[in-house]
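What follows is one structure encoded as structure tokens, with my remarks underneath.
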Amino acid sequence: MGKQGGDSTSLINSQGLRLDGRRFDELRPVSIEVGVLKNADGSAYIQFGKNKIMAAVYGPKEVHPKHSALADRSLLRCRYHMSPFSTEERKNPAPSRREIEISKVIREALEPALILEDYPRTAIDVFVEVLQSDGGSRCAGINAASVALADAGINMRDLVCACAAGKIAGQIVLDIDDTEDKEGQADLPIAIMPTSNRVTLFQLDGQLSNEEFSKAFNLALEGCKSLYQMQREALIRKYFGKDGNEAGEQ
Amino acid sequence: MGKQGGDSTSLINSQGLRLDGRRFDELRPVSIEVGVLKNADGSAYIQFGKNKIMAAVYGPKEVHPKHSALADRSLLRCRYHMSPFSTEERKNPAPSRREIEISKVIREALEPALILEDYPRTAIDVFVEVLQSDGGSRCAGINAASVALADAGINMRDLVCACAAGKIAGQIVLDIDDTEDKEGQADLPIAIMPTSNRVTLFQLDGQLSNEEFSKAFNLALEGCKSLYQMQREALIRKYFGKDGNEAGEQ
Amino acid sequence: MGKQGGDSTSLINSQGLRLDGRRFDELRPVSIEVGVLKNADGSAYIQFGKNKIMAAVYGPKEVHPKHSALADRSLLRCRYHMSPFSTEERKNPAPSRREIEISKVIREALEPALILEDYPRTAIDVFVEVLQSDGGSRCAGINAASVALADAGINMRDLVCACAAGKIAGQIVLDIDDTEDKEGQADLPIAIMPTSNRVTLFQLDGQLSNEEFSKAFNLALEGCKSLYQMQREALIRKYFGKDGNEAGEQ
Amino acid sequence: MSAVKKVLVVEQLKRTQMNELLGRGKRLDGRSLLDMRDLSVTTNVVEKAEGSARVKLGNTEVIAGVKVSLGTPFPDTPDKGLLVVSAEVLPLASPYAEPGPPDERSIELARVVDRGIRESGMIDVSKLVLEVGKHVYAVFADVSVLNVDGNLFDSTSYAVVAALLTTKIPKYEISPSGEPVKSEEMIPLPITTVPISVTMAKIGDYLIVDPTSEEEAVMDARITLVSDDKGNICAGQKGEPGFLSIDQILLASQICKSKGEEVRAIINKEVERAIGVPKQ
Amino acid sequence: MSAVKKVLVVEQLKRTQMNELLGRGKRLDGRSLLDMRDLSVTTNVVEKAEGSARVKLGNTEVIAGVKVSLGTPFPDTPDKGLLVVSAEVLPLASPYAEPGPPDERSIELARVVDRGIRESGMIDVSKLVLEVGKHVYAVFADVSVLNVDGNLFDSTSYAVVAALLTTKIPKYEISPSGEPVKSEEMIPLPITTVPISVTMAKIGDYLIVDPTSEEEAVMDARITLVSDDKGNICAGQKGEPGFLSIDQILLASQICKSKGEEVRAIINKEVERAIGVPKQ
Amino acid sequence: MSAVKKVLVVEQLKRTQMNELLGRGKRLDGRSLLDMRDLSVTTNVVEKAEGSARVKLGNTEVIAGVKVSLGTPFPDTPDKGLLVVSAEVLPLASPYAEPGPPDERSIELARVVDRGIRESGMIDVSKLVLEVGKHVYAVFADVSVLNVDGNLFDSTSYAVVAALLTTKIPKYEISPSGEPVKSEEMIPLPITTVPISVTMAKIGDYLIVDPTSEEEAVMDARITLVSDDKGNICAGQKGEPGFLSIDQILLASQICKSKGEEVRAIINKEVERAIGVPKQ
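Residue numbers (my numbering), protein chains in the order written: chain A, 351 to 600; chain B, 351 to 600; chain C, 351 to 600; chain D, 193 to 472; chain E, 193 to 472; chain F, 193 to 472.
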């Protein structure tokens, strides 16, 4: 977040439109394809603005080493990783501290939706690979991972859908992108289980007054609901739809 | 050691006093508090000059991995570590080669005093954390660790007490501090089991003639005996004394 | 390989001789001594041009960790490593990517010659340590390792002998050294099982036309046959010969 | 840290008891839901560091030290100084902590504490610049956790905040030849606000502040919110594999401010004692 | 990658069947011995990268991205730019891939692909120099393997080659004060040839091109040869713990050129589509 | 190195026999308590290194190589060159050595050898400076242990000392523009003394010099003392989890000088042979 926000008013023009022409409550273009990888038990590819992210699920499967298995449920593991070419400057392929933290919060965002008790003594691996990054890659990754888990046939209480709101040029807006993230004043990514309004991811970077906080939080909730529709449509396309055979193509 | 020792004569003034006003055979101020950490099985906090060091003991406890357990005695492990803010220049928190060597010699200094045969197939962990470092931190750490082992109720043949002597400005002196270590000519840290005069740590950095060597060694032995009194007093304060309830406060 | 090869014609003079006076089909001086290390089950020391390489074999022996053992044969492991002082610039002692790749190809070059089925559930370790490096250290290492395996009494179908050919100054030559490698146009190291002409190592760096490729390959094969004689002589010297008692001396 | 959960497996049996207690507004140690434990903050405990503080929050005990050196700014922020927060749960702090590189919990801890300080703008990093693009102050705040009994996020954050508030750094001048030259004068860091972290645990339907290890062992989820002294919320993090309701999030945003003021007063008092002037 | 072998342990039973099929010139998936699988090459799939390509070779799928920055040349080659090829078999690519630092198979993969490109002289690194000894272009080609079904050497190599062929880098000028200054103009890399890797598996007495995971599980040895567009062989690597006969090596050197021409045509076609002109 | 102890578990049975022998002034290999094994020192065995030596002490065999380059001095010692001693017990040296980063035993070995050389002032590092604060010689002495049969401390130290005594480094001039320029002239290192390490094992009540692996397997403690050629003791280290009596320490300080002179004569002889002049 650029706290000073000096000339950040230019992030919203006189018509109230953002740099890429979006209104304050508008999502970037999103597309989700299900079942795009042959080897994975479940997979999904999401384009979310300029984010291009592949998610894949392996499991339930045997745990190695065995002593890390849990007697009463499956061990959920998650790796969020950025390919070296996904960022403005080449990223070192070794996991950064940021990637390790995001892997943890993604895992904890997905876990409440999974019925892990159905698979004791197994492991479920979720891999989120960022091929091209833009603002909001953790939310995009959760959306893809959630669909990939469904594609893998893992028993779930609900999907998990994620979206951020933020503050740029003094205004609360939905789904901030990379430029808005860097020049803006706050970013509030959340994830929910949409049928029960349970909040499974919540993070905040940047300053919000109490009023702004409620406004941003509610706007992000709306964004999550939109994502939920897109996730459902993607799954329907794969399992019932005519577009299913295009999965994996861009 | 600064071998040239050019202007190191200023380390001792015309009255025979050292930079901090000590005589040649005088220790820095030392205070030891026992039982300062709630979770550890035994602990001690020592201030030795400007050294501020926390020692804690966990064990006897289960060994992981199991194959490293010893059939006939407890496995003694030791970590000497410096907090990043403990030194003049910030220290990288990863263990340095120096810390690894000191961990080894501290472990080997304590081991002769422990009746490890009483705890087969277990492990005893000794942690020495330097919060502020001055010359002589390994000796200070051994003094604290030895008391922490007693506080943990580990069966011991004796305490282990440690002190260094050295050569500065051409003279043999007791207990050299950081400045004296850097500008001086030799540092001779030792540890003993005081009731049997067994030497369990011995190191030497810097040049000593045969005569100086005997003199320094004997002076360090005297220092160890003084430390032994302070260790005993600290344990008595904790277990029998009125000051026990102040443990952990500075 | 220096692809441009600008003034590389000077690598061969007007008499057709190379910088060190060799003809196009001439090997550098080679000496092999068997059984030079006391602790190893088998060992050999090779000087190959300026290469000075020690190879040692431990095994067949117990495998740790146990789950990596193979039910039907021995697990062959190999480490090719360069001592820090072996190169022009001091080499970091941690294994480089190059050393990891060469360890793999050496292991795969030796494996076809070993009757690993004779030693199920064991491991055989081959260590190749480069004490001084010159061009062709992987071939020299294979020649030494193969003899060390024989010295260790491991059942073998054949020895493995290795040699490179290359292209310098536009000509195909045998056994290129460090300077020829850096200034030359191609390097083609191979290893064979000499009695059956089985090719167990094959690598190529640099450009060769089809015709040059055959020529270089055949020249390298001839080189391998020469090495085979030297390997046999070294083993005979150790086991039957009068020079055996000098093993280990230079 | 990874074993904070495991440590109390047997105590899962206390969950029923705890829930029943919480229903009556009480906790195992007698606190009500929104009570913090006793908090003691002592600054200048490591004289060699430019700033330091020891924090005891109940039985949780941490020590923070600030080291300041000169460094080169990042290429993309040539006009900003460097601020790096790290934390290590020392192996002596808990039977479950282990030596080794930081695990995901330690990394999350350090990053969330860092975020609260960074996003609040506590330190005006644009004033840590000696020469744009070349010489800036590099401020390293490191935390050693000495005893673990829950709520490391807040205790670590308080220690870093108190250490930064009492840090004194040498003033530098740029010499004619362009090199920074240290002067005798010691100056404070450019402080703009005092961010306070408040961590709440969700157990069953209840939200409690400042959880102990015992409570963390049975909590469903954790939420940390940081507020500055103008009442803005400036950082947040939900953790652990459970969820919060929407109402709980909004409730947490209220609690963080009221409890934040309590804690800010305690820290400010110690800082005044130490440096003799009220900050800000 | 290490488990490509293990995955198909049960399929070792197919070895007999496979050998018998190969004797009749056929393979499990219906191909003849020297048929490659369907190859699709799509460039410019990661717009933020200076060059990129996605390659599908049967079910094997990889993506390469090229990032270019300025760097300092190595002291012993002050007049040459930097070119670094790396590859990671992502854990999502196979049930047998694991997260972590690259193992010996990933290292061999990256080094063999690098060697083919470097030794062919595909990129004239002497033209990547802005100021000798001081400023050069540093070209990083990284490959993420997305789905493993055999022949990673070729699919990875094709992706890197296609990405490099379509890379655009900013042109720099050296300012009067000696600093490189970025201009608006984008220029291609200095390409001299299009090296094509052809990997063959030896199963029993047969040499087949473009093996699947199923075939790799039973192969005795692997040989990769790279040829440039003048027909020179410029890199080679035998792998796996088996051997090849002398005749098989010579046969492989023939196959690599004929199959190489096929593949080169496919890559060139996509590059023309993408950048509108035939390279070289 | 970690298994030097384990190797001889069965040989613990020899402890009784050994004690009884020692009581009669004898050792398993026939030596008396203060006899060293045969020591052979050969210098200039790695021609590419600036200095090198192979040492055989009984069956223990090590090789040291010295590489010298130009470097930047440490900020706190701008007027001193760099000297770094490292050691690796190669996995081929013993059935118990393992590949991997150095363990605590290898680290202790390298640090004790380094300390003896550094604290004796053997190399006058103030003479390794080309330009204060900018350009100094960096001297790397690396040791590869080839065969382990006890007393690595002494054999490693002798190899490093002999390699340093015969090292030749290029002389540099500082050019008008301030850059170091290599001349043709080769010069020796600035040697001031020849430190000699003597390691003793305590077994029961006895102190023996130059222990074999067999003896190390049953020793209670180890003490290493280093003396310079003026008879000063300049470094020391007790190791292993046993103790020494006060008298044994004082006895060891006598032994280290008498044995040190023996060994110094052997090393000096080889150095004279190699460089044709007596050092000093």
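Where a beta carbon is used, it is the ideal one built from N, C-alpha and C, also for glycine.
Bear in mind the structure is a predicted one, so any value in this text is a computation, not a measurement.
Review point. For D:Lys422, does the three-state DSSP call read helix, strand or coil?
Key: Counting from 1 along the fourth sequence, the entry for residue 422 of chain D is found at position 230. Three-state DSSP puts D:Lys422 in coil, outside helix and strand.
**Study point:** Reference B:Leu499; option with closest CA among B:Gly516, B:Val478, B:Gln482 and B:Lys517
**Key:** Taking the second sequence and counting its residues from 1, the one referred to as residue 499 of chain B is at position 149. With distances taken between Cα atoms, B:Leu499 lies closest to B:Val478.
Exercise for review: Classify D:Lys240 as helix, strand or coil using the three-state DSSP reduction.
Suggested key: Here residue 240 of chain D refers to the residue found at position 48 when the fourth sequence is read from its first residue. Three-state result, D:Lys240: coil.
Point to revise | For A:Gly486 and E:Ile447, the rounded distance between their alpha carbons | key: Taking the fifth sequence and counting its residues from 1, the one referred to as residue 447 of chain E is at position 255. Taking the first sequence and counting its residues from 1, the one referred to as residue 486 of chain A is at position 136. In a straight line, the C-alpha of E:Ile447 is about 48 Å away from that of A:Gly486.
Point to revise | Cβ distance (whole Å) where D:Thr269 is taken to contact D:Asp341 below 8 Å | key: The sequence position of residue 269 of chain D within the fourth sequence is 77, counting from 1. The sequence position of residue 341 of chain D within the fourth sequence is 149, counting from 1. About 38 Å separates the two Cβ atoms, so there is no contact after all.
**Study point:** Contacts of B:Met580 in chain D (Cβ-Cβ under 9 Å)
**Key:** Taking the first residue of the second sequence as 1, we reach residue 580 of chain B at position 230. Residues of chain D passing the Cβ test: none, with the nearest at roughly 21 Å.
Exercise for review: Mind checking who C:Cys511 pairs with in its DSSP beta bridge?
Suggested key: Numbered from its first residue, the third sequence carries residue 511 of chain C at position 161. According to DSSP, which records beta bridges pairwise, C:Cys511 is partnered with C:Ile542.
Check your understanding: Is DSSP giving A:Tyr469 helix, strand or coil here?
Key -> Residue 469 of chain A sits at position 119 when you count from the first residue of the first sequence. If DSSP states are grouped into helix, strand and coil, A:Tyr469 belongs with coil.
Point to revise | N- and C-terminal bounds of the alpha helix (DSSP H) containing B:Met323 | key: This structure does not reach residue 323 of chain B, given that chain B is present from 351 up to 600, and the question cannot be answered.
Exercise for review: Give me the Cα-Cα distance between A:Ala419 and C:Val510, rounded to the nearest whole angstrom.
Suggested key: Looking up residue 419 of chain A in the first sequence gives position 69. Looking up residue 510 of chain C in the third sequence gives position 160. Near 46 Å, if we compare the C-alpha coordinates of C:Val510 and A:Ala419.
Check your understanding: In three-state DSSP terms, what is E:Phe345?
Key -> The sequence position of residue 345 of chain E within the fifth sequence is 153, counting from 1. The answer is helix: DSSP assigns E:Phe345 an H, G or I state.
Review point. Of all the residues that make up the stretch 438–465 of chain A, which are near chain E by a beta-carbon distance shorter than 9 Å?
Key: Glu438, Glu439, Arg440, Lys441, Pro443, Ala444 and Pro445
**Study point:** Contact set for F:Met378: own chain, Cβ-Cβ below 8 Å, skip 5 residues either direction
**Key:** Translated into positions along the sixth sequence, residue 378 of chain F becomes position 186. Closer than 8 Å at the Cβ level, and outside the excluded window around F:Met378, lie Lys360, Ile361, Pro362 and Lys363.
Review point. What residue does the alpha helix (DSSP H) around C:Glu449 start on, and which one ends it?
Key: Position 99 of the third sequence holds residue 449 of chain C. Residues Arg447 to Leu460.
Check your understanding: Any C-beta of chain B sitting closer than 8 Å to the C-beta of F:Arg307?
Key -> As a position in the sixth sequence, residue 307 of chain F is number 115, starting the count at 1. Yes - at least one Cβ of chain B is within 8 Å of the one on F:Arg307.
**Study point:** Environment of A:Asn363 [buried if 16+ CB atoms lie within 10 Å]
**Key:** Here residue 363 of chain A refers to the residue found at position 13 of the first sequence. So A:Asn363 counts as exposed.
Review point. Any idea if B:Ile586 is buried or exposed, counting beta-carbon neighbours within 10 angstroms, 16 or more meaning buried?
Key: Along the second sequence, one-based indexing puts residue 586 of chain B at 236. Looking at its Cβ environment, which holds fewer than 16 other Cβ atoms inside 10 Å, B:Ile586 is exposed.
Review point. With distances taken between CB atoms, is the gap from D:Lys217 to D:Pro265 smaller than 8 Å?
Key: For the purposes of this step, residue 217 of chain D is identified with residue 25 of the fourth sequence, where counting begins at 1. For the purposes of this step, residue 265 of chain D is identified with residue 73 of the fourth sequence, where counting begins at 1. First, the amino acid is wrong: residue 217 of chain D is Gly here, not Lys. No, the Cβ-Cβ distance between D:Gly217 and D:Pro265 is not below 8 Å.
Check your understanding: DSSP on A:His431, reduced to helix/strand/coil?
Key -> For the purposes of this step, residue 431 of chain A is identified with residue 81 of the first sequence, where counting begins at 1. Note: A:His431 maps to strand in three-state DSSP.
Point to revise | C:Ala490 to F:Glu280 span [Cα, whole Å] | key: Taking the first residue of the third sequence as 1, we reach residue 490 of chain C at position 140. Taking the first residue of the sixth sequence as 1, we reach residue 280 of chain F at position 88. Taking the straight line joining both Cα atoms gives about 22 Å.
Check your understanding: Counting contacts by CB-CB distance shorter than 8 Å, is A:Gly399 in contact with chain D?
Key -> The residue labelled residue 399 of chain A in the question sits at position 49 within the first sequence. No, because no Cβ of chain D sits closer than 8 Å to the Cβ of A:Gly399.
Check your understanding: Does the beta-carbon of A:Glu561 have 16 or more other beta-carbons within 10 angstroms, so that it is buried, or is it exposed?
Key -> For the purposes of this step, residue 561 of chain A is taken as residue 211 along the first sequence, with counting starting at 1. By the neighbour-count rule (16 or more Cβ atoms within 10 Å), A:Glu561 is not buried but exposed.
Practice item. Determine the burial state of A:His414: buried for a count of at least 16 other Cβ atoms within 10 Å of its Cβ, exposed for fewer. Key: The residue you call residue 414 of chain A lines up with position 64 of the first sequence. With fewer than 16 Cβ atoms within 10 Å of its Cβ, A:His414 is classed as exposed.
**Study point:** Host beta strand (DSSP E) of F:Asn339 (start-end)
**Key:** Here residue 339 of chain F refers to the residue found at position 147 when the sixth sequence is read from its first residue. Segment His327 to Asn339, the beta strand (DSSP E) holding F:Asn339.
Review point. Any idea what DSSP makes of E:Met314, helix, strand or coil?
Key: Along the fifth sequence, one-based indexing puts residue 314 of chain E at 122. Coil at E:Met314, not helix or strand.
Exercise for review: Identify the contact partners of B:Pro410 in chain D, using a Cβ-Cβ distance below 7 Å as the criterion.
Suggested key: Start at 1 with the first residue of the second sequence, and residue 410 of chain B comes out as number 60. Those do not exist, as B:Pro410 stays about 12 Å from chain D at its closest Cβ, beyond 7 Å.
Check your understanding: How long is the line joining the alpha carbons of F:Asn236 and F:Leu356, rounded to whole angstroms?
Key -> Residue numbering aside, residue 236 of chain F sits at position 44 when the sixth sequence is read from its first letter. Residue numbering aside, residue 356 of chain F sits at position 164 when the sixth sequence is read from its first letter. Their backbone Cα atoms lie some 11 Å apart in a straight line.
Review point. Taking C-alpha atoms, which residue in C:Asp525, C:Glu530 and C:Ser559 lies nearest to C:Lys575?
Key: Indexing the third sequence from 1 puts residue 575 of chain C at position 225. Checking every option, the nearest Cα to that of C:Lys575 belongs to C:Asp525.
**Study point:** Local Cβ density within 10 Å of F:Val463, reported as buried at 16 or more and exposed below that
**Key:** As a first step, residue 463 of chain F is located in the sixth sequence; it is residue number 271 there, counting from the start. Its Cβ being crowded by 16 or more others within 10 Å, F:Val463 is buried.
Review point. Looking at the structure shown, is E:Glu376 part of a helix, part of a strand, or coil, going by DSSP?
Key: By 1-based counting over the fifth sequence, the position of residue 376 of chain E is 184. DSSP places E:Glu376 in strand when its eight states are reduced to three.
Review point. Looking at the structure shown, is B:Gln535 part of a helix, part of a strand, or coil, going by DSSP?
Key: Counted from its first residue, the second sequence places residue 535 of chain B at position 185. B:Gln535 falls in the coil class under three-state DSSP.
**Study point:** Residue range of the beta strand (DSSP E) that includes F:Asp439
**Key:** Residue mapping note: residue 439 of chain F aligns to position 247 of the sixth sequence, counting from 1. F:Asp439 -> not in any beta strand (DSSP E); alpha helix (DSSP H) instead, spanning Ile438 to Ile467.
Point to revise | Against chain F: residues of the stretch 370–393 of chain C by CB proximity under 7 Å | key: Leu387, Lys388, Asn389 and Ala390
Review point. Taking all protein chains shown into account, do 16 or more other C-beta atoms lie within 10 angstroms of the C-beta of C:Gly409, making it buried, or fewer, making it exposed?
Key: Here residue 409 of chain C is taken as the residue at index 59 of the third sequence, counted from 1. Flag for C:Gly409 reads buried.
Point to revise | Per DSSP, cross-strand counterpart(s) of B:Phe477 | key: For the purposes of this step, residue 477 of chain B is identified with residue 127 of the second sequence, where counting begins at 1. Note: B:Phe477 sits in a beta bridge opposite B:Ala406 and B:Arg429.
**Study point:** Distance, E:Asp421 Cα to E:Pro493 Cα
**Key:** With chain E running from 193 to 472 in the structure shown, residue 493 of chain E is simply not present.
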